[in-house]
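Participant:
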Amino acid sequence: MQIGYKLASEGYGPQEIIRQAVLAERAGFDFVEMSDHFHPWLDAQGHSSFTWSVLGAIAAKTTTLRLATGVTCPTVRYHPAIIAQAAATMALISDGRFTLGVGAGERLNEHVVGQGFPSVRGRHERLREALEIIRLLWQGGYQSYEGRHLQLEDARIFDLPDTLPVIAVAASGEASARLAAELGDGLFATEPDASIVEHYRRAQGAGPRYAEVPLAWATDEQQAVQAVLQTSRWMVTGWKVMSELPNPVNFDAASAYVEEKHIRQLFAIGPDPEPHVAKVRSYVEAGFDHIVLQNAGPDPDGFLDFFAGDLSGRLRAMG
5 MQIGYKLASE GYGPQEIIRQ AVLAERAGFD FVEMSDHFHP WLDAQGHSSF TWSVLGAIAA
65 KTTTLRLATG VTCPTVRYHP AIIAQAAATM ALISDGRFTL GVGAGERLNE HVVGQGFPSV
125 RGRHERLREA LEIIRLLWQG GYQSYEGRHL QLEDARIFDL PDTLPVIAVA ASGEASARLA
185 AELGDGLFAT EPDASIVEHY RRAQGAGPRY AEVPLAWATD EQQAVQAVLQ TSRWMVTGWK
245 VMSELPNPVN FDAASAYVEE KHIRQLFAIG PDPEPHVAKV RSYVEAGFDH IVLQNAGPDP
305 DGFLDFFAGD LSGRLRAMG
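For the sequence shown, the positions run 5 to 323 when our numbering is used.
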């Protein structure tokens, strides 16, 4: 089992994100995963730097820490040719430590280029075409592609690594899990849903299985709850809301109903390692082997010390 740390690019500026990544390597994390957003979920978070620049700086300041996007949408705000080039470059400058996590995206980030946001079916069709384009460009040479939604004309990536990056595809059900097995090298999910892993395996998927685990560490439980209510209550709304709303103000309104009881249902809370261990165990038992600790607590340094001291050994004993 590999254990990763979620870099909350919506909650911290780029220099702080780089600092946390360096500390995560020292604390013993195997990898960091960084979201690829244009907007934060809530105005209270207040940040959203350009992920690819920050990942490049992290690669230069670390030596063993693996890096991943969690996740990039390669279909609207970006063209897949740009992501194919960016991921190849990241693999080179990180000496092979990069994983490309991709997904169908959220309106929050994709509508900004003024091309609308497709239906669920349209998003999935575009993601398939994007993966086909990325794979095509990674074969080398000049390539063209004529899809229903996406096109590529006479393009070549000149700097390709000897070993291509792993592509982990975000999935929430059978169709997307099958796509992860067919055109990806791994699976990415946010719920401890064993059926997603089972669908992936039935489709001959045999790669790494990433999952984000919601935690909120603080020396006091109530401090942890309040931090989540302030910056991360949007996570309670669920994917059907998270994928459709266009701006932070909409997420603020949609999550106004969230109370402490809802936070405690979703997150492991407080300073005691046992709830955090139990929360991670639910994902491991569902079949995930690359566990991303997503701390929404108010003290990232305290959480990293907590992981290095009390949590790491208990979690690694599971794997």
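Using N, Cα and C, we set each Cβ at its ideal position, and we do this for glycine too. Every value quoted in this text rests on a predicted model; they were computed, and no experiment measured them.
#1: Just mark Phe311 as buried or exposed, buried being the case when its beta carbon has 16 or more other beta carbons within 10 Å.
#2: Can you tell me whether DSSP reads Pro218 as helix, strand or coil?
#3: Can you name the residues that DSSP bridges to Met38?
#4: For Thr241, which three-state DSSP category applies?
#5: Around the C-beta of Phe33, are 16 or more other C-beta atoms found within 10 angstroms, so that it is buried, or is it exposed?
#6: For Ala185, collect the residues of the same chain with a Cβ closer than 7 Å to its Cβ; drop the 5 residues on either side in sequence, then sort them by chain order.
#7: Tell me where the beta strand (DSSP E) around Thr103 begins and ends.
#8: Just checking my contact of Ala198 with Ala174 at CB under 8 Å: how many whole Å lie between their CB atoms?
#9: Does the separation of the CB atoms of Gln147 and Arg160 fall below 8 Å?
#10: Keeping to the same chain, check which residues put their C-beta closer than 8 Å to that of Tyr149; ignore five residues upstream and five downstream.
#11: So is Pro78 in contact with chain C if we call contact Cβ pairs under 8 Å?
#12: Would you give the residue range spanned by the alpha helix (DSSP H) that Ala174 belongs to?
#13: If you drop the 5 nearest sequence neighbours on each side, which residues of the same chain put their C-beta closer than 6 Å to that of Gly74?
#14: Answer yes if the segment 211-219 comes into contact with the segment 270-289, meaning at least three C-beta pairs across the two stretches below 8 Å, and no otherwise.
#15: Do the segment 224-236 and the segment 296-316 make contact, defined as three or more Cβ pairs closer than 8 Å?
#16: Going by the CB atoms, is the gap between Phe102 and Ala215 shorter than 8 Å?
#17: Whole angstroms are fine: how far does the CA of Tyr261 sit from the CA of Thr67?
#18: Measuring CA to CA, which of Asp309, His43, Asp166, Gly323 is closest to Tyr9?
#19: Can you say whether Thr167 is buried or exposed, counting buried as having 16 or more other CB atoms within 10 angstroms of its CB?
#20: Can you grab the Cα-Cα spacing for the pair Arg182 / Asp224, in whole Å?
Facilitator: Quick look at the numbers:
#1: buried
#2: strand
#3: Leu11, Thr73
#4: helix
#5: buried
#6: Tyr204, Ala207, Gln208, Gly209
#7: 102-106
#8: Ala198 to Ala174, Cβ: 17 Å. No contact.
#9: yes
#10: Glu133, Glu136, Ile137, Leu140, Gln155, Leu156
#11: Looking for chain C here will not work: only one protein chain is present.
#12: Run containing Ala174: none in the alpha helix (DSSP H); it sits in the beta strand (DSSP E), 170-174.
#13: Glu37, Ser39, Gly105
#14: yes
#15: yes
#16: no
#17: 44 Å
#18: Asp309
#19: exposed
#20: 42 Å
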